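A short write-up of the structure that comes next.
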Amino acid sequence: MTILYLADIRFPLERANGVHSMETCAALAERGHNVHMLVRRDTVAPPRDPFAFYGVPSSPRITIERASAPGPPAVRRAAYLARMAMRLPDRRWDAVYTPNLILAAAALRLPRSLRPPVVFESHNFSPSFAQAAAHLETGARGASATKLGRLTRRERRVWQSAEGYVTTTRVLAADLAGRFGDRPRVATAPNGVRLDRIPAVAAPGHRDGPPVVAYAGSLHPYKGVDTVVEALAHVSQAHGLIIGGHPNDAPDRARLDELAQCCGVADRLTFTGLVPSGEVLDRLAAADVLAAPLLDMPHTRYDSPMKLFEYLALRRPIVASNLVSLQEIFEDGRTARLVAPGDAAALGAGIRSVLDDPASAERMAQAAFEEVANYTWARRAERIEALLDEVVADA
């Protein structure tokens, strides 16, 4: 089939949603579908090749259309919506697929006779995400009651009106059904990993020096990276490796630098800063333990971080927060050590437990690796394709 994929992001984008869009479209193309991506133009001159940027093989089945949208955010959004409105009535699309709630809601305002069926992919419940804004980045403010009401109405409209609906966790699908009622044509498709990148870095390394505890992801507070820094004070023999962060995240980096000084671990902590996506796995493979320390917040209970699936594939012991969303992926004591979220002492104890028992840690890492076949981008595309087939058949 031919799919119109809508993502109002500059492209390529360094953050996770850029990787997610590219990998999703590439996996669908590998299954024989034609994917037309409508994105915003790159802000780097000369424009970067998205396939090279993400390390994804180029495909004649993927076309990338860039909406030219200079100016402030409101102007860019309006220009993108105008281009989207021009594209939607095109009869060549079998379906529209988007992970953007605003775009899904806008597309659904068109009469069904003027657009293809719309499939929305949800990663979160937007009012919960907005309400926790103060924890998303340093200095941010929470949402007003007016905004929360508007987001809830939008969530309800898309849940009830979209021809197909995808969630990245089962708990999100269940919670949406509990809020807004049951609906047909719902699928859960967790995020994934590309196994073709793994073999060269999968074998555990043998090196001198202290054990390394690695975290990969953003530096925003809700990700729990502060807990990793604090946990190092409870694991005196370990070195911390924080992989990620964006140049625009300077306040978050300053917060963590100050925390490291206060905890007395600054000399045992390395920040890589922004790393090209193709290099992240190599950095992670240098670690002895991988940490997934998400905080327990209303929106994190729905998270399906892409890094978790890379962790699974690397055959390293994993210590993760005991959240309902992560319980869909990990089994405590078998594929990961699950600990109380936001508790530095508990995270430190979990890290020590795997460092102090290498045989058990190796068994746990191997069991996690044996699960990863269920969490590839290719497997995810199969799940999405099954829903798309159902949606198109019912259109």
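For what it's worth, my numbering labels the leading residue of the sequence shown as 7, then goes sequentially. Virtual Cβ for every residue (Gly too), placed ideally from N, Cα, C. This one's a predicted model, so the numbers in the text were calculated from it and none came from an experiment.
DSSP-derived helix/strand/coil call for Ala138
Translated into positions along the sequence shown, residue 138 becomes position 132. Three-state result, Ala138: coil.
Where Trp165 and Gly215 are concerned, what is the direct C-alpha to C-alpha distance, given to the nearest angstrom?
Indexing the sequence shown from 1 puts residue 165 at position 159. Indexing the sequence shown from 1 puts residue 215 at position 209. Those two C-alpha atoms are separated by around 52 Å.
Does the distance from the C-beta atom of Val50 to that of Ile70 stay below 9 Å?
Residue numbering aside, residue 50 sits at position 44 when the sequence shown is read from its first letter. Residue numbering aside, residue 70 sits at position 64 when the sequence shown is read from its first letter. No, the Cβ-Cβ distance between Val50 and Ile70 is not below 9 Å.
For Ser128, the nearest candidate out of Pro117, Leu109, Gly251 and Leu116 (CA to CA)
Within the sequence shown, numbered from 1, the residue matching residue 128 stands at position 122. Shortest Cα-Cα distance from Ser128 to any of Pro117, Leu109, Gly251 and Leu116 involves Leu109.
Using three-state DSSP, classify Val192 as helix, strand or coil.
Here residue 192 refers to the residue found at position 186 when the sequence shown is read from its first residue. Residue state, collapsed to three classes: strand.
Taking the Cβ atom as the reference point for each residue, do Val241 and Ile324 lie within a distance shorter than 9 Å?
For the purposes of this step, residue 241 is taken as residue 235 along the sequence shown, with counting starting at 1. For the purposes of this step, residue 324 is taken as residue 318 along the sequence shown, with counting starting at 1. In terms of Cβ geometry, Val241 and Ile324 do not form a close pair [threshold 9 Å].
Could you compute how far the alpha carbon of Pro311 sits from the alpha carbon of Asn106?
Start at 1 with the first residue of the sequence shown, and residue 311 comes out as number 305. Start at 1 with the first residue of the sequence shown, and residue 106 comes out as number 100. Roughly 17 Å separates the two Cα atoms.
From Pro76 to Val25, what distance separates their C-alpha atoms?
Numbered from 1 along the sequence shown, position 70 holds the residue referred to as residue 76. Numbered from 1 along the sequence shown, position 19 holds the residue referred to as residue 25. Spanning the two alpha carbons is a distance of roughly 23 Å.
Ignoring anything shorter than 3 residues, give me the beta strand (DSSP E) runs that lie fully in the region 334-360, in order along the chain.
343-345
Any idea if Cys31 is buried or exposed, counting beta-carbon neighbours within 10 angstroms, 16 or more meaning buried?
For this step, residue 31 is matched to residue 25 along the sequence shown. Classification of Cys31: buried, given that the 10 Å Cβ count is 16 or more.
Looking at C-beta atoms only, is the number of pairs between the region 230-239 and the region 341-359 that lie closer than 8 Å three or more?
yes
How big is the Cα-Cα spacing for Ala112 and Gly170?
Against the sequence shown, residue 112 aligns to sequence position 106. Against the sequence shown, residue 170 aligns to sequence position 164. Using only the alpha carbons, I get a separation of about 15 Å.
Quick one: complete alpha helix (DSSP H) runs, 4+ long, within the region 31-107?
56-60 and 79-93
Per DSSP, which residues does His245 bridge with? Please list them.
One-based indexing of the sequence shown puts residue 245 at position 239. In DSSP, His245 forms a bridge with Val218.
What does the alpha-carbon distance come out to for the pair Arg97 and Arg47?
For the purposes of this step, residue 97 is taken as residue 91 along the sequence shown, with counting starting at 1. For the purposes of this step, residue 47 is taken as residue 41 along the sequence shown, with counting starting at 1. Taken atom to atom, the span from the alpha-carbon of Arg97 to that of Arg47 is near 25 Å.
Count the other CB atoms within 10 Å of the CB of Glu200; is the residue buried (16 or more) or exposed (fewer)?
Position 194 of the sequence shown, counted from the first residue, corresponds to residue 200. Looking at the sequence itself, residue 200 is Arg, so the reference to Glu does not match. Classification for Arg200: buried.
If we call anything under 9 Å between Cβ atoms a contact, is Arg343 one with Val330?
Numbered from 1 along the sequence shown, position 337 holds the residue referred to as residue 343. Numbered from 1 along the sequence shown, position 324 holds the residue referred to as residue 330. Going by C-beta atoms, Arg343 is not nearer than 9 Å to Val330.
Please report how far the alpha carbon of Gly61 lies from the alpha carbon of Ala151, in whole angstroms.
Indexing the sequence shown from 1 puts residue 61 at position 55. Indexing the sequence shown from 1 puts residue 151 at position 145. Spanning the two alpha carbons is a distance of roughly 42 Å.
According to DSSP, is Gly198 helix, strand or coil?
Here residue 198 refers to the residue found at position 192 of the sequence shown. Coil, per DSSP.
Taking only runs of the beta strand (DSSP E) that begin and end inside the region 278-334, which ones reach a length of at least 3 residues, in chain order?
295-298 and 324-327
Answer yes or no: does any C-beta atom of chain C fall closer than 9 Å to that of Leu120?
Note that chain C does not occur in the displayed structure, where there is just one protein chain.
Which residues does DSSP pair with Glu127 in a beta bridge?
If you number the sequence shown from 1, residue 127 lands on position 121. BP columns for Glu127 point to Val172.
With DSSP as the reference, label Ala9 as helix, strand or coil.
Walking along the sequence shown from the start, residue 9 turns up at place 3. Note that residue 9 is Ile in the sequence shown here, rather than Ala. Ile9: strand per DSSP, three-state reduction.
Rounded to the nearest angstrom, what separates Gly230 and Gly148 at their Cα positions?
Here residue 230 corresponds to residue number 224 of the sequence shown, with the count starting at 1. Here residue 148 corresponds to residue number 142 of the sequence shown, with the count starting at 1. Straight-line Cα distance between these residues: approximately 18 Å.
Range covered by the alpha helix (DSSP H) that runs through Pro117
Position 111 of the sequence shown, counting from 1, holds the residue named residue 117. Here Pro117 belongs to no alpha helix (DSSP H), and DSSP marks it neither H nor E.
Within its chain, find whatever has a CB closer than 7 Å to the CB of Arg37; leave out the 5 residues flanking it on each side and keep chain order.
Residue 37 sits at position 31 when you count from the first residue of the sequence shown. The residues are Ala387 and Glu391.
In three-state DSSP terms, what is Leu275?
Mapped onto the sequence shown, residue 275 falls at position 269. Residue state, collapsed to three classes: strand.
CA nearest to the CA of Thr174, picked from Pro196, Leu154 and Val192
Against the sequence shown, residue 174 aligns to sequence position 168. Comparing Cα positions, the closest option is Pro196.
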